[in-house]
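For the sequence shown, the numbering used here begins at 51 and goes up steadily by one.
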Amino acid sequence: MAYAGLAGVVYTPASGYRLPAVAFGHDWLTGAHRYAGLLEHLASWGIVAAAPDTCRGLAPSVLDSAADLGRALEIATEIRLGPGRISVDRARLAVAGHGFGGSAAVFAAAGSAVKPKAVAAIFPTVTTPPAEQAAEILAVPGVVFAGPGDAKALRSNAVELAHAWPSATLRVIAKTSPAGLPQGRRLTGFFGLPTSDRRTQRRVRALLAGYLLAQLVGDKTYREFADPQVPLPRTEQLEALPEPVSPEEKFVALLK
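Next comes the structure, spelled out in structure tokens:
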């Protein structure tokens with residue numbers, strides 16, 4: 051994407067016209083290249099995956115990141131990719147992201163000129179301004195992927211986002227580490243936070259690809275991935291949407 055004025059990477063199938071596409075936002079202090087396995091997996095299923103590599107400072111702007119996700123979708127739809135053998139269908143677009151990028155994806159869906167057909171927030175984290183404000187006005191379908199302990203995690207806003215977003219589904223992925231999605235060693239590892247986890251990567255790849263194929267392609271084989279009433283493998287079955295936990299309760303849980 052650099053030749054179009056936006057730092058980042060694009061993964062595409064070998065060829066194809068009117069393909070679906072997703073713009074993917076990275077987490078805090080994490081480069082886009084750390085998601086190579088996930089982006090390659092999506093491309094292998096016929097989905098163009100564009101990931102901006104911007105907003106990588108210690109105090110990034112979630113609104114700037116959201117704008118870059120929107121710009122990535124514009125680039126994917128306006129420019130013929132590869133050696134002229136790939137084009138993207140403007141009616142089959144999505145935005146997704148991990149952590150900080152998950153919240154940025156919600157802002158992108160609410161404010162971008164290019165309107166996505168689906169949104170996926172993967173282990174989203176708290177931002178300023180809060181993504182819940184943007185989620186309240188979203189009519190686009192979405193999925194919020196959370197880890198088993200995210201309801202009480204201080205940085206997570208997965209449950210709060212699912213409550214604020216009328217058309218979103220919360221999926222709690224069993225035995226996953228929200229910080230384990232990027233590949234390789236992360237800068238956050240120097241702060242004592244968890245790093246790469248292959249099980250997390252495998253499960254997110256499968257669930258995200260299935261969801262996007264259901265929403266963007268309309269493939270009936272994967273329609274259960276977008277059906278909130280259907281429990282999916284490797285996810286926890288929820289009887290009801292968990293109630294949000296106060297910041298004070300989250301802080302107490304952190305100390306235990």
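For glycine and all other residues, C-beta sits at the position ideal for the given N, C-alpha and C.
How is F173 classed by DSSP in three states: helix, strand or coil?
-> coil
Measure the beta-carbon distance from A208 to F157 and round it to whole angstroms, keeping in mind my assumption that it falls under 8 Å.
-> Their Cβ separation, rounded to whole angstroms, is 16 Å, which puts A208 and F157 out of contact at 8 Å.
What separation, rounded to the nearest whole angstrom, lies between the Cα atoms of D114 and A160?
-> 13 Å
Would you tell me roughly how many angstroms separate the C-alpha atoms of I187 and Y67, rounded to the nearest one?
-> 32 Å
Below 8 Å on the Cβ atoms is my guess for P102 versus A122; work out the distance and round it to an integer in Å.
-> 5 Å
What do you reckon, are the CB atoms on E286 and V222 nearer than 8 Å?
-> yes
For H148, the first and last residue of its enclosing beta strand (DSSP E) = 136-148
If you draw a straight line from the C-alpha of S162 to the C-alpha of G75, how long is it?
-> 14 Å
Start and end of the beta strand (DSSP E) containing Y67?
-> 66-75
Any idea which residues DSSP pairs Y317 with across the strands?
-> Nothing can be reported for residue 317: it is not among the residues displayed for the chain, which extend from 51 to 306.
Residues bridged to V194 by DSSP?
-> A171, L220
Strand pairing of T285, partner residues [DSSP] = I223
Is L204 helix, strand or coil by DSSP?
-> coil
Output the boundary residues of the alpha helix (DSSP H) element that contains G87.
-> 86-94
For the candidate residues I125, G152, P278, whose alpha-carbon lies nearest to that of A54?
-> I125
Whose C-beta lies closer than 7 Å to the C-beta of R248 among residues of the same chain, with five residues either side of it excluded?
-> none
Which residue from R273, T226, T250 puts its Cα closest to that of Y261?
-> R273
Residues bridged to L131 (per DSSP) = I136
Close beta carbons around D100, own chain, < 6 Å, minus the five adjacent residues each side = According to the sequence as given, residue 100 is Ala; it is not Asp. Same-chain partners within the cutoff: V60, A73, A122, A126.
For A71, which residues of its own chain have a beta-carbon under 6 Å away from its beta-carbon, when the five flanking residues on both sides are left out?
-> V98, A126, V138, L143
Taking A146 and A170 to be in contact with their CB atoms under 8 Å, please state how far apart those CB atoms are, rounded to whole angstroms.
-> 4 Å
Would you mind sorting A380 into buried or exposed? The rule is 16 or more other CB atoms within 10 Å of its CB.
-> Nothing can be reported for residue 380, as the shown portion of the chain is limited to 51 through 306.
Neighbourhood of L56 by C-beta, 8 Å cutoff - its chain only, sequence neighbours within 5 removed | P102, T104, D118, R121, A122, I125
G152 to E289 span [Cα, whole Å] = 24 Å
Residue from S65, A184, R253 whose Cα sits closest to the Cα of G87 = R253
Separation of G149 from D197, as counted between CA atoms = It should be noted that the sequence gives Gly, not Asp, for residue 197. Cα-Cα distance, rounded: 11 Å.
For E293, the nearest candidate out of E210, T175, S227 (CA to CA) | E210
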